[in-house]
Structures are given as structure tokens and as C-alpha cells.
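*Asks:* Following this message is one structure expressed as C-alpha cells.
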Amino acid sequence: MSRMSKVTDQVAAELDPEPAPLLQVEHLSIDLPGPAGPVRVVDDVSFTVAAGRTTGLIGESGSGKTMTASAIIGLPPPGAAVTGRLLWHGDDMVTMAEQDRRRLRGRGIAMIFQDPQAALDPTQTIGRQVGEILRRGGMPAKEVRRTVIDLLDRVGIPDPQTRHAQYPHQYSGGLRQRAMVATALAGSPELILADEPTTALDVTVQARILALLRRVRDEEDTAMLLVSHDLRVMAHVADEVVVMYAGRICEVGSGREVLNSPAHPYTRALVVSVPAVRSRTAIAEPLPGSPASPAERPSGCPFHPRCAKAQDRCASEVPRMRQVAAGRQVACHFPEET
Amino acid sequence: MSASPLVQVSDLVVNFHTRRERRRGSAPNAVDGVSFGLSADETLAIVGESGSGKTTVARCVVGLQAHQEGTVMFDGAPVGPVTRRSPATRRAIQMVFQDPAASLNPRMTVRSIIAETWRTHPSAAPDGRTWDAAIDELLADVGLDPDVGTRRATALSGGQCQRVSIARALALRPRLLVCDEAVSALDVSVQSQILRLLAGLRAARGLAILFITHDLGVVRQIADRVAVMHRGRLVETATADDLFERPGHAYTRKLLAAALDLEGA
Ligand SMILES: Nc1ncnc2c1ncn2[C@@H]1O[C@H](COP(=O)(O)OP(=O)(O)OP(=O)(O)O)[C@@H](O)[C@H]1O
Ligand SMILES: Nc1ncnc2c1ncn2[C@@H]1O[C@H](COP(=O)(O)OP(=O)(O)OP(=O)(O)O)[C@@H](O)[C@H]1O
Ligand code: SF4
Ligand SMILES: [Mg+2]
Ligand SMILES: [Mg+2]
């Protein structure tokens, strides 16, 4: 009997092997041209995003979050050298034919850009831009219009009947941001790369957008890679969190655990800097020294010149990612107890 | 509030009506009778609904947006559109824009973007020092490496653009700084560095700050008074402590209720 079930298990496993995660980022590095030769702005970054999960990407300004997202969507800046593997359902996107890649964009993976003002075309109406992907997919004009108005309504743009015919300059910052969210949702993608999607939104609208994204996640199994400096938002929506510093990952774990009991000193510095709303807090002490420049990344642990816990070893030896608890990895020689 | 505030905005009305809307006379105003004062040495935060008119009010104060009714007074005198302001007034009121990447010239390096402000306003140019050293210092103040100076805005991250925009505004040593979501693209550690910088300038030079933000935690840390906007109107103005402890307007209560805290997530 036990032997029997073992055999059936084995057969089942062969028939239905563990599906490859939606997205696997493996040893991603990005070099950008600089005046003194190429600069490595993303260095050996690996993480996975599973279907229907929200992975949060946080980290210092300039640490490579947007570059990582733009490599995934296949739109790195001109002159960028991207190495490593980006697996989409197990297929390498870096070596994929350009035609397949283009098909993936919008339908498979959609991106909400950090700067909606720069990402929207000032000469086209919002409605046209939101409906672009539907039109390209061959949807009749009338239906596109109806769908677009419905999308604008879902992201909380008031009076979508009038608003869809307006141009980006007629929108406020927060309205433009919501238009970007609508554009990303239009193609019903499997993965949404959302780069700071709620910075220009008041907390009531923010709650509405987050609820919408959660609903899309639950109903359509859409995964999300969410880049945000708002750790309060992160704590509420991210299943997993990846923390970056100076182009490298310094900590990975479940959203709740990383933000409640950070193990890496940099994550800890971030968490204690979040101003509270329900009580008045003093402005946090900023980190000493200046942010690491990717052009002159410090030796050893890139955080060592600013780390209160640094020892001699930190300046000479690069800390490797290692498991400190189940599902929890940290790149630090002396992580905090978690 | 002191007897004569540095800035006095009275009964400001702005609309963007189309001709048809004007004929029908039905569409609401984007800004509908807004009044507030701001003294030197004071920080007034404007919070409120997205699309409620905060940016439009800010643009009126710096003279980039025409208004249909009301007045904007600076230093006791009415000020019009930026093109008709004296160089001294133009220099005295600086703004950090909500979309930093779009507000920086993509063809110029960061160094020339800052130097340009001094060419326009020679009175603010650093004397007795080289401009390069002064630029390095400004960049360091906002947490940027000198090597950022040689790059163009298109080769910077979102938060780096935002900090360049802050450095550009501070380069002119303004008396009033209008910040439209000026720290929203920054990680919280860099954000506290900028907030400390602003608090320091306020203490040292009496810098007045009009601070538009959606981050109520930041408001609580830096604002003396808070004005809440809803559908073009200021529905409530109170000291920061009063607003958080005893919100008066229903919309303010709704905002505070929706605010997340890291604790209790
Ligand atoms: N086109 C470019 N050429 C050279 N360097 C660039 C270019 N674009 C960005 N960089 C640099 O690459 C690094 C990573 O940038 P990225 O935009 O990914 O940062 P980020 O983590 O998204 O930061 P933020 O939170 O401020 O948006 C930064 O140091 C930035 O200055
Ligand atoms: N140039 C314009 N033409 C037409 N309508 C405009 C224009 N500029 C702003 N509006 C409209 O005026 C209203 C107020 O916009 P404003 O940008 O001041 O809002 P806001 O409070 O700054 O919002 P957010 O928090 O989203 O940035 C919005 O409904 C906006 O769509
Ligand atoms: S490795 Fe050393 S310097 Fe780096 S974070 Fe850990 S303790 Fe600090
Ligand atoms: Mg970015
Ligand atoms: Mg605005």
C-alpha cells in the first residue's frame, strides 16, 4: 500500500511536474556606459515571482530597482549590457526572438512607469493610450471605448465619459498615475511591473488602487513586482520583499517578517526611518556618509562605510546571500537576530 | 500668525473650462476660493484629494498659472504671472515640481542645470568660490555624489532627478520654497536627510515652505499648520497637532482613517 502510493505519487509528479515559476531572475547584471567605462548598476540579482503573488522591491534611491524592472520588460536604456537569465515560464527572455518579446509586452508583462508624465504621450488623448493594446489586438472601436471608460472608472478616475478624451496635461499627477494603472490592466497581463504606482495618490485613492490590484491578483491570478519607497504600502500588500542596496540584493523574505524584524542593518535603518501617522515622531537620523555610487562601489560589503555594526571583515569580504531562517536570506556577515 | 505674512493668497479661483462648459456654466472650478497666509520661518502643508487643486494653487503662487479671481501677495505686494515679476521676486520663490524628470532639461548635464540658475540670477551666484565647488556642496546636501553632476537627467534614477530638482531650487537661496510631492520618490533614509536639510534652512534663514504631500507621516514631522483641500476648496486649516488629534471636517477624518501605519500591518 505504501509502496503503491509512492509509485502513484511518482507518476503524478511526472505527469504534473512542479510548474516553473512565472518569472525567474537569475544572476541579472546590468552595465551602463559611463564616462570612465561601463558602470555596473545591477549586480548579480536573483529572485523569483510566482503567479498570483506580489513581490515588493525596496531599496535606496539609485540602487537599481527601475533598471531591474526595465530589463524584465525588455526596455533597458540605450547602451545597456544585460547579462544573466530572465526566465518567463521557464523560457529565457534574453535570447527570445524580438517578435515574441514584443508580443509579451503589454499582454504577458505590463509596466506602470515611475514617471507618468514622461511615459505618457502628450499628443494623444488618455483614452487612446489606455486603449492602444486593445486596438492592436483587433477589438472593434466601440468596444475599445466602452472598455477604456470602464477601466478608467475602475481605477477611480471621476467622470470617465469626459476624462477619456482629455490629454495628459489636463490631468493632475494622481490622475496620470491612475491612467498608467489603467493602461497596464488593459492587456490583462500575467505580470504587472509597478514602479511607484501610488506616490501621487492620497491615501483614500491609494487604498482603492491597492484593493483593485489585490482583486485582480485574486481573480485573474496576476502577479506583481511592486517597486515602492512606501514601506507602509509594502507591509500591507507584499507577499515577499526584496531589498536592494547599491545594485545588489541585501535581504529577501516574507513581507511581514522583513519589515517587522529586519535582519540586514540597511533594512533596519529604513524601517526605523518611516514616519508614523498616529503619533508624532522626530525626523529620523539619516545614515552617515553618502549613498554608495555604483561607479565606486565600496569593497567588501557595499554598506560598510555607513553601517554601525561594521567590523574589519566587512570592508574586505563580500557577504554572500545566506539563509538565516525559512524563506529568509540575508547578505550580511553579522545579521540581526530575527 | 504674524501681522504681515510673507505670502498671502486670497480668494483664489482657477478654472480650466472649455468654451462649451463656460457657456453652460456648470463645470466646477479647479480652485474655488482658496485663501491662506504663510509667514517666513513657517511650514504650511497642503494635503488632500488627488485632483483637488493643490498643484494648481502652487503654480499660481510661483506665477506659472493664471487665475481668474483673487490675489497672491508676496512681501506685502501683489504678484502676477512669473514673466511680469521682478528678478528678485522670481528668485525668492522657487518650486520643486511633482514630476521631476519632466521638469529637468534632458539635454543638459546636472552641473549646467544648476549653473544656469546662477546665470539667470547673478545675484544668487556663489562669490569667492568656484561654481564647481558650490555645486558639489549643493549635491552633497541632497545626498548626491559629485559624479552625478556630469550626467544628464535621462541617466538618473527617479529619486536622483527629484534631488537635482531640490538642489536647483535651493541654489537660488529662496525665501519661499514650494515643494510639490518633493520627497515622494525617495527612500525614507534619504527622505529624512532632505527633511532635516529643509528644517535647518528654515531655522538658519527663515525659509518659508509650502509643502504639498500625500504622506501624512511627513506632514506630522515637519508642518506647523496643515491645510486640507477637497474639490478645489480648503475645507480645514489647523495646526498640525490639532488636525491629527481633532480633525474637524469629514474629509479630513476620512483621510486620517485611511492612512496606514507600519505598525499593525
Ligand atoms: N541611462 C543611464 N545611464 C547611466 N546610468 C544610469 C542611467 N539610468 C540610470 N542610471 C543609474 O543607474 C542606477 C540605478 O538606477 P535606477 O533608476 O534603477 O534606480 P532606482 O533604484 O529605481 O532609484 P529611485 O528609487 O531613485 O527611482 C542609478 O545610480 C542611476 O544613476
Ligand atoms: N492645464 C489643465 N487643463 C485642464 N484641466 C486641468 C489642467 N491642469 C489641471 N487641471 C485639472 O484641475 C484639477 C486640479 O488639478 P491639480 O493638478 O491642481 O490637482 P492636485 O491636487 O495637484 O492633484 P494630485 O494630487 O493628483 O497631483 C484636476 O481635475 C485637473 O484634471
Ligand atoms: S556585512 Fe558588515 S557592513 Fe555589511 S551590513 Fe553586515 S555588518 Fe554591516
Ligand atoms: Mg526608480
Ligand atoms: Mg498635483
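Protein chains in written order, with the numbering used here: chain A, -4 to 333; chain B, 300 to 564.
The beta-carbon is built from N, C-alpha and C at its ideal position, and this holds for glycine as well.
Reducing DSSP to helix, strand and coil, say where residue 336 of chain B ends up.
*Replies:* In this structure, residue 336 of chain B counts as strand in the three-state DSSP scheme.
*Asks:* Exposed or buried, what is residue 118 of chain A when buried is set at 16 or more other beta-carbons lying within 10 Å of its beta-carbon?
*Replies:* Residue 118 of chain A should be labelled exposed.
*Asks:* What residues in the region 177 to 194 of chain A have a beta carbon less than 9 Å from any beta carbon of chain B?
*Replies:* Per Cβ criterion, the list reads 190, 191, 193, 194.
*Asks:* Pick from A:197, A:176, A:186: whose alpha carbon is nearest that of residue 111 of chain A?
*Replies:* Minimum Cα distance to residue 111 of chain A is reached at A:176.
*Asks:* Compute the beta-carbon to beta-carbon distance between residue 194 of chain A and residue 484 of chain B, rounded to the nearest angstrom, for a pair I have assumed lies under 8 Å.
*Replies:* With a Cβ gap of about 6 Å, residue 194 of chain A and residue 484 of chain B count as contacting.
*Asks:* Is it true that the CB of residue 56 of chain A sits closer than 9 Å to the CB of residue 516 of chain B?
*Replies:* No, these two residues do not count as a Cβ contact at 9 Å.
*Asks:* Cβ atoms of residue 61 of chain A and residue 237 of chain A: under 9 Å apart, would you say?
*Replies:* No, the pair does not count as a contact, with Cβ atoms beyond the cut-off.
*Asks:* Do the CB positions of residue 247 of chain B and residue 306 of chain B come within less than 9 Å of each other?
*Replies:* Nothing can be reported for residue 247 of chain B: it is not among the residues displayed for chain B, which extend from 300 to 564.
*Asks:* Going by the beta-carbon positions, is the gap between residue 391 of chain B and residue 497 of chain B smaller than 9 Å?
*Replies:* Contact: no.
*Asks:* Identify, in the order they occur along the chain, each residue of the same chain with its Cβ nearer than 6 Å to the Cβ of residue 92 of chain A, setting aside the five sequence neighbours on each side.
*Replies:* Correct list: empty, nothing qualifies.
*Asks:* For residue 359 of chain B, collect the residues of the same chain with a Cβ closer than 7 Å to its Cβ; drop the 5 residues on either side in sequence, then sort them by chain order.
*Replies:* These residues qualify, in order along the chain: 311, 313, 366, 371.
*Asks:* Between residue 346 of chain A and chain B, is the shortest Cβ-Cβ distance under 9 Å, so that the two count as touching?
*Replies:* Nothing in the structure corresponds to residue 346 of chain A, since chain A is present only between -4 and 333.
*Asks:* DSSP on residue 25 of chain A, reduced to helix/strand/coil?
*Replies:* Correct three-state label for residue 25 of chain A: strand.
*Asks:* Should residue 206 of chain A be listed as close to ligand 5, given that the test is whether its C-beta is under 8 Å from any heavy atom?
*Replies:* No - ligand 5 has no heavy atom lying nearer than 8 Å to the Cβ of residue 206 of chain A.
*Asks:* If you measure between the beta carbons of residue 189 of chain A and residue 223 of chain A, is that distance less than 9 Å?
*Replies:* Cβ atoms of residue 189 of chain A and residue 223 of chain A: closer than 9 Å.
*Asks:* Quick check: what's the CA-CA separation for residue 567 of chain B versus residue 519 of chain B?
*Replies:* The structure shown does not extend to residue 567 of chain B, since chain B is modelled only from 300 through 564, so no value can be given for it.
*Asks:* Quick one: is residue 73 of chain A buried, meaning 16 or more other Cβ sit within 10 Å of its Cβ, or exposed?
*Replies:* That one is exposed.
*Asks:* For the region 170 to 203 of chain A, list the beta strand (DSSP E) runs that are entirely contained and at least 3 residues long, ordered along the chain.
*Replies:* You should have 186 to 190.
*Asks:* If you measure from each residue's Cβ to the nearest non-hydrogen atom of ligand 2, which ones come out under 6 Å, in chain order?
*Replies:* Qualifying residues come out as A:164, A:165, A:166, A:167, A:168, A:169, A:170, A:195, B:315, B:329, B:349, B:350, B:351, B:352, B:353, B:354, B:355, B:397.
*Asks:* Can you tell which of A:32, A:39, A:201 has the C-alpha that lies nearest to the C-alpha of residue 78 of chain A?
*Replies:* Answer by Cα proximity: A:39.
*Asks:* Does the Cβ of residue 400 of chain B have 16 or more other Cβ atoms within 10 Å, making it buried, or fewer, making it exposed?
*Replies:* Residue 400 of chain B is buried by the Cβ-count criterion.
*Asks:* Is residue 305 of chain A near ligand 3, going by C-beta to nearest heavy atom under 8 Å?
*Replies:* Residue 305 of chain A: yes, Cβ under 8 Å from ligand 3.
*Asks:* Tell me which residue opens and which closes the beta strand (DSSP E) that residue 239 of chain A is part of.
*Replies:* Counting along the chain, the beta strand (DSSP E) containing residue 239 of chain A begins and ends at 235 to 240.
*Asks:* Which value, in whole angstroms, describes the spacing of the CA atoms of residue 36 of chain A and residue 234 of chain A?
*Replies:* Looking at the two C-alpha atoms, the distance is approximately 26 Å.
*Asks:* Using alpha carbons as the reference points, say which of A:331, A:192, A:131 lies closest to residue 252 of chain A.
*Replies:* The option with the nearest alpha carbon to residue 252 of chain A is A:331.
*Asks:* By the DSSP assignment, the beta strand (DSSP E) with residue 536 of chain B in it spans what residues?
*Replies:* Element bounds for residue 536 of chain B: 532 to 538.
*Asks:* Taking only runs that begin and end inside the region 302 to 375 of chain B, name each unbroken alpha helix (DSSP H) of 4 or more residues, in chain order.
*Replies:* Fully enclosed alpha helix (DSSP H) runs of 4 or longer: 318 to 323, 353 to 360.
*Asks:* Quick one: give me the first and last residue of the beta strand (DSSP E) that residue 259 of chain A is part of.
*Replies:* Element bounds for residue 259 of chain A: n/a, residue is neither H nor E.
*Asks:* Starting from the Cα of residue 304 of chain B, find the closest Cα among B:500, B:437, B:506 and give me that residue.
*Replies:* When only C-alpha atoms are compared, the closest one is B:506.
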